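First the structure, in the form of structure tokens, and then the observations on it.
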Amino acid sequence: MLSKEDNERLTRVGPGTPMGEMLRELWTPACRSEALEADGAPLRVRLLCENFVAFRATDGRVGFFDEACPHRCASLALARNEENGLRCIFHGWKFSVDGVCVDAPTEPPERRESFARKVPVRSYPVREAGGMVWVYLGRREETPPFYDFEFHTPPAEALLRCAIVKGNWLQGVEGQLDSAHLNFLHSTSTPRGPGAIQNLIRQASEPRFEFIDKPYGFREAALRTLPDGSVYARIREVVAPYYSFIPGAHGQPRFVVVIVPIDDESSAHWYYYLNPFGPVPDWYRDNALRGSGPDHDDFAADRGDVSTVWEQDRGAMKNGHWSGLTKNFVYEDFIVEESMGPIADRSREYLGSSDSVITRFRQLLLQSLKRHGETGALPFGADGEADYEAIRALAIRFPGGADWKEFDLFDPPDYVFEDASAAE
1 MLSKEDNERL TRVGPGTPMG EMLRELWTPA CRSEALEADG APLRVRLLCE
51 NFVAFRATDG RVGFFDEACP HRCASLALAR NEENGLRCIF HGWKFSVDGV
101 CVDAPTEPPE RRESFARKVP VRSYPVREAG GMVWVYLGRR EETPPFYDFE
151 FHTPPAEALL RCAIVKGNWL QGVEGQLDSA HLNFLHSTST PRGPGAIQNL
201 IRQASEPRFE FIDKPYGFRE AALRTLPDGS VYARIREVVA PYYSFIPGAH
251 GQPRFVVVIV PIDDESSAHW YYYLNPFGPV PDWYRDNALR GSGPDHDDFA
301 ADRGDVSTVW EQDRGAMKNG HWSGLTKNFV YEDFIVEESM GPIADRSREY
351 LGSSDSVITR FRQLLLQSLK RHGETGALPF GADGEADYEA IRALAIRFPG
401 GADWKEFDLF DPPDYVFEDA SAAE
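Here's what the structure looks like:
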């Protein structure tokens with residue numbers, strides 16, 4: 001368990017907090033590219049306990065500003081978006097997409113231009129990749145290297161969706177890192193067919209965990225020994241602080257989950273339903289959408305809340321459904337995280353051996369905070385040490401004598417078993 005002091009250090013993300021200052025040093029997912037229309041309404045974006053606006057200018061470029069107009073703090077979400085800039089509706093001051101005040105019409109004509117040039121506008125560098133707008137909120141003049149993940153470039157394609165969860169960001173990340181809950185929380189909510197590998201997993205040993213340290217975090221294998229002595233491995237890539245690459249069989253779609261702090265008590269859960277090898281198959285897209293809401297910017301808004309016990313169906317539980325949370329299976333994760341409270345008190349936990357990945361991740365965060373506080377060093381390979389293009393997760397079944405650490409995750413061995421496919 002963590003001390004209350006360390007729990008505060010890991011969970012508080014506002015300006016001036018140790019974690020908040022470190023996270024601002026990294027490129028941060030902000031909003032879907034499709035949510036911004038040229039000369040359309042600015043989008044309010046809350047990240048790390050601060051409020052911003054994102055907008056697409058006339059020429060297609062994206063701007064990202066503090067929400068408050070630098071004049072009298074009116075919201076720029078109300079601004080007119082025209083001619084490559086935002087014009088505040090309060091007094092007409094205009095700010096270019098580059099973050100420069102270009103007009104202050106309330107000033108006398110003879111000093112209007114010179115006055116405008118002096119207005120401080122807090123704008124931030126942005127990048128677009130993989131359907132996402134990313135923003136750098138740090139103070140460095142030179143931004144860190146961008147995340148050139150494989151799903152940012154063809155042939156990879158993804159369906160990108162977000163859920164807003166009422167819980168601290170670390171609850172979300174730790175929920176994604178926890179492989180041991182798959183056989184319980186999701187045991188009746190994910191598809192299972194005759195002869196599927198999941199049916200063998202139910203007869204398997206409890207998972208054991210092995211790790212390879214990486215500049216960006218670590219590669220983790222959850223290893224289950226199957227009845228015939230073969231091993232089923234879910235090899236996940238953890239790119240700290242936000243990213244969990246969920247395994248899929250080679251050649252098959254999979255997903256990447258990204259948990260971003262909105263503030264101390266809420267988080268954005270981004271889901272890339274991803275095919276690294278081409279277009280997202282219709283069946284995979286249908287599975288992603290089934291049982292969820294239509295809004296790609298908050299697809300789980302219909303899950304209920306504590307006042308309705310998240311619409312848990314006790315009748316379904318009596319009829320064989322494990323959790324009674326019968327909508328899209330990812331809702332189960334969100335609901336469990338929210339049930340812990342806005343910020344889980346980790347000083348009350350009693351952890352077991354299956355929580356090794358959780359303790360490992362917490363220690364990684366605490367060590368990175370210490371280094372950043374002492375030296376200002378960029379964390380998690382963001383100094384250019386990490387090769388983000390070479391990151392891919394994999395689910396694979398292999399003979400008991402093989403070593404998963406030797407596998408090339410982009411070109412894994414193709415083992416054949418009589419009773420089930422190599423992985424699913």
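Under my numbering, think of the first position of the sequence shown as 1, with each following residue one higher.
Heads up, the beta-carbon is just placed ideally off N, CA and C, and yes, glycines get one too.
Values in this document were obtained by computation on a predicted structure and should not be read as measured data.
Item: Rounded C-alpha distance that separates arginine 87 from histidine 269; Value: 32 angstroms
Item: Euclidean distance between Cα positions of alanine 35 and alanine 41; Value: 10 angstroms
Item: DSSP-derived helix/strand/coil call for valine 119; Value: coil
Item: Inter-stretch contact at 8 angstroms, needing at least 3 Cβ pairs: the stretch 124 to 141 / the stretch 309 to 318; Value: no
Item: Opposing strand residues paired with glycine 431 [DSSP bridges]; Value: As shown, the chain starts at 1 and ends at 424. That puts residue 431 outside it, with no answer to give.
Item: Assigned secondary structure, methionine 132 (DSSP; H/G/I helix, E/B strand, else coil); Value: strand
Item: Alpha-carbon to alpha-carbon, tryptophan 169 and valine 126; Value: 22 angstroms
Item: With 16 other Cβ atoms within 10 Å as the buried cut-off, status of aspartate 286; Value: exposed
Item: Selected residue, minimal CA-CA separation from valine 97, among Pro120, Gly130, Val62 and Leu76; Value: Val62
Item: Nearest-angstrom beta carbon gap, lysine 4 and serine 347 [assumed within contact, 8 angstroms]; Value: 5 angstroms
Item: Inter-stretch contact at 8 angstroms, needing at least 3 Cβ pairs: the stretch 255 to 274 / the stretch 157 to 164; Value: yes
Item: Distance cut-off 7 angstroms: arginine 224 Cβ against heavy atoms of the ligand ADP; Value: Of ligands this structure carries none, so the ligand ADP is not represented either.
Item: Secondary structure of phenylalanine 334, DSSP reduced to three states; Value: helix
Item: For aspartate 103: DSSP bridge partner residues; Value: Lys94
Item: Status (buried if at least 16 other CB within 10 Å, exposed otherwise) for glycine 16; Value: exposed
Item: Length of the line joining the Cα atoms of serine 179 and valine 13; Value: 26 angstroms
Item: Three CB pairs or more closer than 8 angstroms across the stretch 142 to 156 and the stretch 381 to 401; Value: yes
Item: CB contact flag (alanine 300, alanine 163, <8 angstroms); Value: yes
Item: In DSSP terms, what proline 261 is bridged to; Value: Ser267
Item: Three-pair Cβ contact test at 8 angstroms for the stretch 255 to 263 versus the stretch 114 to 125; Value: no
Item: Closest Cα partner of phenylalanine 209 within the set Pro70, Arg202 and Ala221; Value: Ala221
Item: Simplified DSSP state of aspartate 355, which is helix, strand or coil; Value: helix
Item: C-beta contact flag for methionine 132 and serine 368 at 8 angstroms; Value: no
Item: Rounded separation between threonine 359 and valine 258 - CA only; Value: 19 angstroms
Item: Proximity to valine 427 [Cα-Cα], best of Lys118, Phe90 and Glu110; Value: Outside the displayed span of the chain (1 to 424) sits residue 427, for which this structure offers no information.
Item: Spatial neighbours of lysine 372 in its chain, beta-carbon cut-off 7 angstroms, leaving aside the 5 residues before and after; Value: It should be noted that the sequence gives histidine, not lysine, for residue 372. Around histidine 372: Met22 and Pro379.
Item: Alpha-carbon spacing of serine 353 relative to asparagine 81, whole angstroms; Value: 54 angstroms
Item: Limits of the beta strand (DSSP E) - the one that proline 18 falls within; Value: Element bounds for proline 18: not the beta strand (DSSP E) but the alpha helix (DSSP H), 18 to 23.
Item: Inter-stretch contact (C-beta, 8 angstroms, three-pair minimum) for the stretch 399 to 414 and the stretch 231 to 251; Value: yes
Item: Closest by C-alpha distance to proline 144, when choosing among Thr326, Ala395 and Thr28; Value: Thr28
Item: Coarse secondary structure for valine 53, derived from DSSP in three states; Value: strand
Item: Burial state of phenylalanine 184, where buried means 16 or more other Cβ atoms lie within 10 Å; Value: exposed
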